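Every letter in the sequence shown is one number past the one before it in UniProt numbering, and letter 172, counting from 1, is 172. Backbone N, C-alpha and C define an ideal beta-carbon position, used for all residues, glycine too. Predicted model, so just to flag it, every value in this text is computed and none were measured.
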Amino acid sequence: MTLEEVRQSAIVDAFIRKGNEHLGVLGYTDHGYDHVTLVAERAYTILKKLGVSEREAELAAIAGYLHDIGNVINRVGHSQSGALMSLHILRAMGMPAEEISVVAAAIGNHDEGSGHPINRVAAALILADKSHVHRSRVRNPDISTFDIHDRVNYAVEEASLRVNEENMTITMDLVIDINICPVMEYFEIFLSRMVMCRRAADFLGCEFELIINGAKLL
1 MTLEEVRQSA IVDAFIRKGN EHLGVLGYTD HGYDHVTLVA ERAYTILKKL
51 GVSEREAELA AIAGYLHDIG NVINRVGHSQ SGALMSLHIL RAMGMPAEEI
101 SVVAAAIGNH DEGSGHPINR VAAALILADK SHVHRSRVRN PDISTFDIHD
151 RVNYAVEEAS LRVNEENMTI TMDLVIDINI CPVMEYFEIF LSRMVMCRRA
201 ADFLGCEFEL IINGAKLL
């Protein structure tokens, strides 16, 4: 069972596409193909750079690609519903039960409201998902009507996640236009996510760093 097979699944495609449409109706930022593809790539890269096996890194990529399918049902509790949905999808596709357990647990634990880095795949997924903040995710075309979530995302001009396997650090580096959103407003929205990232990095034996406009804040 590979990431490419998951990507080719008609039901996975429909759930990602329709779930993103539903969130658009509710005014949420983009959670479509660009988001899940980037999260899958980052989750894979995190574990590979830390010397984890190719297979476990691919499981992280699969979890990253599937992590938001629960949005097709409801945004509330989407991590848990997505975990249950992925369990049935991956089982039907022939993935071994041990691997399904890892992927489903990661998906079920990626949301900051209730999630925890309970395995390496979950930790990588948390870091990959929470580090994707960027103006390209904002769907509202009218800047004058931005809410704080739109404003914070739109203010981020550059965002990267770097893994230094020698120093065992994971660094989230952002360039923010403070004329659109002051740094404190970023923390107002995303502090719980940054705390979750620090816990995830710690689970992987790393220190989490947050740099905004060249200044180290965490």
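- Heavy atom of the ligand MN less than 7 Å from the Cβ of Asn71, yes or no? Absence of the ligand MN is noted for the structure shown, with no ligands found whatsoever.
- Query: Contact check, Ala40 vs Lys48 under 8 Å by CB: the rounded distance?
  - Reply: In the sequence shown, counting from the first residue as 1, residue 40 sits at position 40. In the sequence shown, counting from the first residue as 1, residue 48 sits at position 48. Between Ala40 and Lys48, the beta carbon gap of about 13 Å keeps them out of contact (Cβ cut-off 8 Å).
- Taking only the alpha-carbon atoms, compute the straight-line gap between Asp13 and Leu59 and give it to the nearest angstrom. The residue given as residue 13 occupies position 13 in the sequence shown. The residue given as residue 59 occupies position 59 in the sequence shown. C-alpha separation (whole angstroms): 18 Å.
- Message: Considering only the alpha carbon of each residue, which of Leu191, Leu217, Asp142 lies closest to Gly27?
- Response: Residue numbering aside, residue 27 sits at position 27 when the sequence shown is read from its first letter. Per the Cα distances, Asp142.
- Please list, in chain order, all residues of the same chain as Phe203 whose beta carbon is under 6 Å from its beta carbon, the five residues on each side excluded. Residue 203 sits at position 203 when you count from the first residue of the sequence shown. These residues qualify, in order along the chain: Pro117, Ala123.
- Give the secondary structure of Thr169 by DSSP, where H, G and I count as helix, E and B as strand, and everything else as coil. Taking the first residue of the sequence shown as position 1, residue 169 is located at position 169. In the structure shown, Thr169 sits in a strand (DSSP, three-state: E or B).
- Task: Give the DSSP-derived three-state secondary structure of Asn164 in the structure shown.
- Result: By one-based count along the sequence shown, residue 164 stands at place 164. Under the three-state reduction of DSSP, Asn164 is assigned to strand.
- Item | Buried or exposed by the 16-neighbour rule on C-beta atoms within 10 Å, applied to Arg137 | Here residue 137 refers to the residue found at position 137 of the sequence shown. Here Arg137 is buried: its Cβ has 16 or more other Cβ atoms, across all protein chains shown, within 10 Å.
- Message: Just verifying my parser: in three-state terms, what is the DSSP assignment at Phe187?
- Response: Counting from 1 along the sequence shown, the entry for residue 187 is found at position 187. Helix, per DSSP.
- Item | Stretch pair the region 161-168 + the region 81-90: three plus CB contacts closer than 8 Å | Note that the region 161-168 does not touch the region 81-90; fewer than 3 beta-carbon pairs, one per stretch, sit closer than 8 Å.
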